[in-house]
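All letters in the sequence shown, in the order written, are residues 353 to 759 by my numbering. C-beta: ideal position from N, C-alpha, C; glycine also. Note that the coordinates shown come from a computational prediction; the quantities given were computed from them, not determined experimentally. Written out below as structure tokens is the structure these notes cover.
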Amino acid sequence: MAGINRNYDKLSSSYLFVEISKRTKAFAESHPGIRILRLGIGDTTEPLTPSVIRSLHLGVDKLADPKRYTGYGDEQGDARLRGAISEFYSRRKITVSPEEIFVSDGAKPDAANIQSIFEQGSIIAVQDPAYPVYVDSNVIAGRTGLSKGVTYDGILYMPCTEENGFFPSLPEKKADIIYLCSPNNPTGAVATREDLRRFVEYARENKSIIVFDAAYHSFVSDQKIPRSIYEIEGARECAIEINSFSKSSGFTGVRLGWSVVPMDLVVEGTPKGRVNALWKRRQSTMFNGASNIAQEGGIAAISEEGIIENQAVIDKYMANARAIRECFIGKGMKVFGGVNAPYLWIKTPGDMKSWEFFDKMLNEAHVVVTPGSGFGPSGEGYIRVSAFGHPEMISEAIDSVKANLKV
Ligand SMILES: Cc1ncc(COP(=O)(O)O)c(C=O)c1O
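Below, the structure is given as structure tokens:
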């Protein structure tokens with residue numbers, strides 16, 4: 353008799369975005385004619401850059417030509433793209449060889465699937481608050497107990513608070529797999545070199561693995577802030593880096609990402625290279641490669657020319673972030689993030705709960721934000737505001753907050 357994977361029953365329902373859309377819909381229905389402004393979404397809005405568009409067209413043209421047509425691609429991704437990604441790291445004085453790079457259809461699937469190559473009994477540690485996929489994938493894999501509201505038994509939560517600058521202290525108990533994300537979704541905080549050095553040291557001492565999500569690397573403008581975990585000495589022995597073209601190049605719909613599994617990565621009881629071989633086995637068994645058209649576009653996006661073009665788009669989003677920062681600071685509120693990240697993490701006034709302030713923003717300013725409590729218990733009392741959006745809509749939202757929000 354077939355049965356379902358009962359671990360799915362443990363997942364707390366995708367309450368956050370369902371509830372946001374329910375409340376937004378109810379407001380729209382009871383206030384017809386009011387324009388609702390959305391600062392809650394982490395999706396890109398600006399068009400792809402010219403060199404990427406040319407390259408995507410080239411990918412399509414090749415498929416129309418019998419001499420240049422290609423079907424299934426290289427096992428770990430197009431060798432030219434892996435070469436370009438390796439180059440991208442070497443321009444930043446980081447050595448990552450093409451055989452250590454695995455091209456995928458995005459950072460989310462990699463972040464979800466990477467746990468499958470590690471022991472079932474592994475203890476998982478996550479930042480609190482965090483992007484939900486790190487926890488949910490481990491719930492589905494059966495590494496946790498039941499949900500207790502937004503947390504699960506068996507997961508180590510590392511609180512990110514105002515006191516620690518929204519980057520956590522080391523886990524209190526021994527963790528085997530540690531998920532870190534910098535620049536961070538949702539807090540917009542970035543880890544310093546010293547922050548990451550502490551975690552790399554911990555991981556090497558405890559033979560743990562760090563899964564480092566660098567999806568927002570290109571939003572870092574401060575030269576002192578690492579954009580890759582491999583800027584830290586020793587990280588090649590203990591860290592996997594997950595990366596994406598989504599936010600750096602506007603590929604949220606095109607779909608392209610990569611992961612780095614270094615040959616030096618050591619897991620107890622296995623020789624060097626074994627983790628890389630396992631991920632290769634996992635991907636070649638369960639994934640058949642990213643689209644060849646998307647990969648053609650990726651080669652342009654990660655070239656020197658592509659990065660310069662994309663930087664102009666990122667600058668646009670960061671101008672939005674600056675304007676949003678100034679607006680909420682002007683309202684006398686405490687604003688974090690939004691300097692090296694496209695997210696702002698804003699303390700609610702007067703210790704209001706995240707959802708209470710969500711309602712206030714919607715009712716008074718007609719602006720939709722994301723309640724911080726949906727990302728973990730330490731997110732209570734905060735909202736996440738996204739700088740992704742057309743500048744005209746962002747400035748309309750800012751004007752409305754300035755004029756209508758009563759704090
Ligand atoms: C931290 C983080 N990682 C990964 C992703 C997803 O990346 P991708 O579009 O490449 O799957 C997101 C998307 O919002 C994110 O916030």
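Which residues mark the beginning and the end of the beta strand (DSSP E) in which residue i is found?
| i | result |
| --- | --- |
| VAL613 | From DSSP, VAL613 is part of no beta strand (DSSP E); its letter is neither H nor E. |
| ALA477 | 476-480 |
| VAL455 | 453-456 |
| MET510 | 507-511 |
Taking all protein chains shown into account, decide if residue i is buried (16 or more other Cβ within 10 angstroms of its Cβ) or exposed.
| i | result |
| --- | --- |
| GLU557 | exposed |
| GLY690 | buried |
| ARG579 | buried |
| GLN635 | buried |
| LEU498 | exposed |
| GLY741 | buried |
| LYS576 | exposed |
| ASP395 | exposed |
| MET353 | exposed |
| GLY684 | exposed |
| VAL487 | buried |
| ASP462 | buried |
| GLU593 | buried |
| ARG495 | buried |
| THR422 | exposed |
| LYS599 | buried |
| SER403 | buried |
Out of the options, which has the shortest C-alpha to C-alpha gap to residue i?
| i | options | result |
| --- | --- | --- |
| ALA749 | THR401, ALA755 and LEU389 | LEU389 |
| VAL502 | ALA436, GLY728, ALA739 and VAL665 | GLY728 |
| LYS500 | ASP361, ALA652, ASN662 and ALA354 | ASP361 |
| TYR504 | ASN516, LEU522, SER364 and ASP574 | SER364 |
| ARG726 | GLU744, GLY741, LYS705 and ILE746 | One detail in the question is off: residue 726 reads as Gly in this sequence, not Arg. Out of GLU744, GLY741, LYS705 and ILE746, LYS705 has the C-alpha closest to the C-alpha of GLY726. |
| ASP528 | GLN467, ASP462 and GLU732 | GLN467 |
| VAL613 | LYS419, SER600, ILE561 and GLY658 | ILE561 |
| LYS525 | GLY506, ASN537 and ALA739 | GLY506 |
| GLU452 | LYS632, VAL687 and LYS374 | LYS632 |
| ILE386 | ASN715, VAL759, PRO743 and GLU732 | ASN715 |
| GLY586 | VAL563, PHE603, SER601 and ASP616 | ASP616 |
Beta-carbon separation of residue i and residue j under 8 Å?
| i | j | result |
| --- | --- | --- |
| PRO511 | ASP480 | yes |
| TYR568 | PRO535 | yes |
| ILE746 | ALA675 | yes |
| SER456 | PHE639 | yes |
| ASN756 | ALA693 | no |
| GLU648 | LEU391 | no |
| ALA459 | SER489 | no |
| GLY540 | TYR441 | no |
| ALA671 | GLY429 | no |
| VAL618 | GLU589 | yes |
| ILE698 | TYR734 | yes |
| TRP610 | ASN628 | no |
| ILE584 | ARG545 | yes |
| SER738 | ILE393 | yes |
| VAL719 | THR376 | no |
| VAL552 | ALA493 | no |
| GLY731 | PRO538 | yes |
Could you please give the first and the last residue of the uninterrupted alpha helix (DSSP H) stretch that includes residue i?
| i | result |
| --- | --- |
| SER489 | 485-492 |
| TYR360 | 359-362 |
| PRO461 | 459-465 |
| ILE645 | 644-653 |
Step through the CB atoms of chain C and report whether any lies within less than 8 Å of the CB of residue i.
| i | result |
| --- | --- |
| GLY726 | In the structure shown, chain C cannot be found, because there is only a single protein chain. |
What beta strand (DSSP E) runs, 3 residues minimum, are completely inside the region 573-640? DSSP runs (the beta strand (DSSP E)) wholly in the region 573-640: 591-596 and 609-612.
Quick check for students: name the residue ranges of the alpha helix (DSSP H) that lie wholly in the region 667-747, counting only runs of 4 or more. Within the region 667-747, the complete alpha helix (DSSP H) runs of at least 4 residues are 706-712.
List in chain order: all unbroken alpha helix (DSSP H) runs of 4+ residues lying wholly within the region 375-436. Note on the region 375-436: whole alpha helix (DSSP H) runs with a minimum of 4 residues are 402-415, in chain order.
Ignoring anything shorter than 3 residues or poking outside the region 527-566, list the beta strand (DSSP E) runs there in chain order. Complete beta strand (DSSP E) runs here, min 3: 529-533 and 561-565.
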